[in-house]
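Its first residue numbered 254, the sequence shown is counted upward by one per residue in this note's numbering.
A short write-up of the structure that comes next.
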Amino acid sequence: MERLLRAKTLIDDKILYLKQKSQALSKQGLKPHLGVILVGNNPATLSYIKNKEKFCSRIEADFSLINLPEDIEKEKFLEHIQRLNEDHSVTGCFVQLPLPNHFNDLDVTQMINPLKDVDGFHLKTIEKIYQGDLTGIIPCTPKGIITLLEANNIQIKGMDIVIIGRSYIVGKPLSLLLERKNATVTLCHSHTKDIKKYTSQADIIISAVGIPLLITKEHLNPQNNQIIIDVGINRYNNKLVGDVDFESVKDHVKAITPVPGGVGPMTVFSLMENLILTTTNILNNQNKGSL
Ligand code: NAP
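If you want it as structure tokens, here you go:
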């Protein structure tokens with residue numbers, strides 16, 4: 254294998270810039286402040302949130318967690334979202350997913366104030382991307398993947414890119430972004446007849462499914478020149494692994510992201526970039542309003 258596409262060095266290089274932006278916003282009167290609603294206390298989810306809190310402290314942003322009981326009533330839960338949406342001190346917010354089953358009929362992603370939509374899941378946010386405008390908020394995981402590719406000088410334009418998984422948070426927005434950057438994108442999913450047919454032809458393979466060992470050496474071409482981005486996060490044999498059978502493919506690719514240490518930290522870094530952007534936009538709106 255030529256290269257392991259780790260996130261750490263890249264983030265260490267870029268985080269100072271975000272911290273300086275955050276300090277400048279605070280000086281101008283609006284400190285970046287991430288507000289998070291968590292329902293229940295699943296240890297894995299809590300550890301994701303702790304990581305987001307750590308990143309906030311690295312860029313000198315405030316962080317608030319509203320941790321609600323698993324059996325909270327719907328009305329009370331919705332009141333908390335509204336309060337966060339209206340709280341002038343909070344400049345970016347999201348509800349940590351997944352939610353308990355009794356909230357299955359709620360699409361909370363559409364209840365977040367679009368001005369504070371740091372996750373980038375609101376339809377108003379996606380609409381802009383759909384129209385080809387990439388200057389606003391971009392969903393965190395797709396944004397992190399593009400940053401990782403570009404920082405490693407991996408060409409996107411003209412490349413054949415296969416994405417496996419078409420979820421609203423990863424595969425779909427990622428396909429829009431890569432298409433906008435002039436890649437030819439194929440989106441595979443659970444009904445795709447023969448995934449190998451597509452992966453073996455691709456320059457870049459991105460797997461976002463949630464099944465360990467799904468992608469093996471048999472999915473690759475024999476030239477050892479493909480790039481693999483592994484989005485999956487799975488518990489397997491008491492270990493955290495991706496969708497890709499790392500041991501079977503590692504010597505047959507040009508570059509690959511590790512799990513953990515690849516797309517995961519890039520996602521949290523993108524959340525911080527989005528927080529700086531929402532804070533900047535809110536401050537600009539306030540300044541326009543006071544003119
Ligand atoms: P999701 O909403 O469950 O979507 C999974 C997608 O995979 C669906 O489009 C599904 O197809 C497709 N799929 C399921 N089985 C398949 C198969 N056998 N062959 C091909 N496609 C198949 O999942 P998600 O939220 O996108 O997350 C996917 C994985 O990425 C999970 O492991 C998650 O933990 C991880 N993740 C990681 C990050 C990160 O920062 N690293 C961020 C988000 C998610 P259908 O549409 O046909 O059902």
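Using N, Cα and C, we set each Cβ at its ideal position, and we do this for glycine too.
- For Thr-400, there is no enclosing beta strand (DSSP E); the residue is part of the alpha helix (DSSP H) that begins and ends at 393-404.
- DSSP places Thr-520 in the helix class (H, G or I) of the three-state scheme.
- Of the residues assessed, Leu-376 falls on the exposed side of the cut-off, its CB having fewer than 16 other CB atoms within 10 angstroms.
- Contact check for Met-519 and Ile-407: beta-carbon distance about 13 Å, past the 8 Å limit, so the pair fails to qualify.
- Boundaries cannot be given for Ile-468, as no alpha helix (DSSP H) includes it and DSSP labels it neither H nor E.
- For Leu-440, same chain residues with a beta-carbon under 7 Å away, outside a window of 5 residues either side, are Ile-416, Arg-419, Gly-424 and Ser-428 in chain order.
- As for any alpha helix (DSSP H) of minimum length 4 sitting wholly inside the region 258-286, the runs are 261-280, ordered along the chain.
- Inclusion of Ile-535 and Leu-368 in the CB contact set at 9 Å is warranted, their separation being smaller than that value.
- Here Asn-527 is buried. Its C-beta has 16 or more other C-beta atoms within 10 Å.
- Straight through space, the alpha carbons of Lys-449 and Lys-274 are spaced by roughly 44 Å.
- Cβ atoms of Asn-435 and Gly-411 come within 8 Å of each other, at about 6 Å.
- Per DSSP, the beta bridge partners of Ser-317 are Gly-288.
- Per DSSP, Thr-378 is one residue of the alpha helix (DSSP H) stretching across 376-383.
- Taken through DSSP and simplified to helix, strand or coil, Ile-457 comes out as strand.
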